[in-house]
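Number of protein chains: 2
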Amino acid sequence: MGEIENILEFLVETEKLKNILRKTRPVGLSRRENSAEHSWHVCLAALMLKDYANESIDINRVIKMLLIHDLGEIDTGDTIVYAAETAELKSAEEEGVKRLLDKLPEGQGNEYLLLWREFEAGETADSRFARAIDRVPPLIQNLHSEGHTWREYNISKEQVFSLNHRIADGSADLWCVIEKKLSSAVDKGILK
Amino acid sequence: MGEIENILEFLVETEKLKNILRKTRPVGLSRRENSAEHSWHVCLAALMLKDYANESIDINRVIKMLLIHDLGEIDTGDTIVYAAETAELKSAEEEGVKRLLDKLPEGQGNEYLLLWREFEAGETADSRFARAIDRVPPLIQNLHSEGHTWREYNISKEQVFSLNHRIADGSADLWCVIEKKLSSAVDKGILK
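The listed protein sequences correspond, in order, to chains Z and X.
So the first sequence is residues 1 to 192, counted in full-length UniProt numbering.
So the second sequence is residues 1 to 192, counted in full-length UniProt numbering.
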């Protein structure tokens, strides 16, 4: 029973992801999105888009990866994807993930720490697809709101195309559709 | 490519779950919780508690079920679990789920409609466990906030024990731990 108690404590602590605010706003809403609801949406996106992965993937592993991929932010906060990724930040995020997973019964957390690292490294088919999917909701949100974070943070079209091209590493078909939408946003002057 | 477009439209429409407010508040926060962040948290809870299911379960199916279990609320809103469940409400929720799934490419939505119905019926090992897990976060949230929804909606201890006893159908071990916490809340006068 002590083990279930430990898991419940982990679940209380992970509630804090609901208070980690991202830069983007959900479609149709004026408030900022939090990393917990984002995590749900990327899992749903991965599930529905699984057939368009470039490589053979294990969608169940991808979903587990996406369920936990932002847990490190509880200790570090969210960072805009266009900011330079420093080794210090990644190290702090990993420490945060470890702190949370340490609350789980002995031996249970390690699987998820390895999954988190795999996602961060992006060197496997599953993590390439998961990282591609992680980019989809913020692009959709910008495309549906006149590019609110692109404007607010002065993100250029060059930055948007360059960074999000990683979608093609996970799903060339998906990038093809998204790239057209981004080009159309450039034509409309939403993305400059 | 038309199929990916359809899936992206589905993903835009499901963003609305982020605006469906539940009665409970996340631990430590004064705002109400939305059904999207709740959906993330129950998926994480199911994953971490999977070894305590009474029966042999397929955790990947359970997680898929929980990812989509609240989608019907986009059209109907959230209803407190202690309210009488009417056939009209369930029918309206199913219509809502169908409306969303109809946005997916042909043939893709049916699997999830069946999963949604399986969750609602609660007659399989996977759905019994999923339904047990779905009760855990709101109880944790109440136990950590002096029973805020119990007080606000005049929910008696008899109602709380009677309704949440369904946790035992999915995991007797989990119910054993939760039941003790609820009894302790009664002793402290938080639950009356």
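From the three backbone atoms N, C-alpha and C, an ideal C-beta is built for every residue, glycine too.
- According to DSSP, residue pairing for L21 of chain Z in a beta bridge involves Z:N34.
- Ranked by how close their Cα comes to the Cα of S162 of chain Z, the residues Z:D173, Z:N6, Z:S183, Z:I59 have Z:S183 in first place.
- Q159 of chain X sits in a helix when the DSSP states are folded into three classes.
- Beta-carbon to beta-carbon, I59 of chain X and D173 of chain Z are separated by about 29 angstroms, too far to satisfy the 8 angstroms threshold.
- One alpha carbon belongs to K90 of chain X, the other to E118 of chain X, and they sit about 13 angstroms apart.
- When 7 angstroms is used as the limit between beta carbons, N60 of chain Z is near these residues of chain X: N60, in chain order.
- One Cα belongs to L104 of chain X, the other to A46 of chain Z, and the distance between them is close to 14 angstroms.
- DSSP places A132 of chain X in the uninterrupted alpha helix (DSSP H) bounded by 125-143.
- Contact of T14 of chain X with chain Z by beta-carbon distance below 8 angstroms involves H41, L44.
- According to the DSSP assignment, L104 of chain X belongs to no alpha helix (DSSP H), since it is labelled neither H nor E.
- In this structure, the CA atom of H165 of chain X is about 7 angstroms from the CA atom of W175 of chain X.
- Straight across, the Cα-Cα distance linking R151 of chain Z with V27 of chain Z is about 16 angstroms.
- The C-beta of I80 of chain X has fewer than 16 other C-beta atoms within 10 Å across all chains shown, which makes the residue exposed.
- Within the model, the alpha-carbon separation for Y153 of chain X versus A83 of chain X is close to 10 angstroms.
- When only Cα atoms are considered, K157 of chain X and G77 of chain X end up about 26 angstroms apart.
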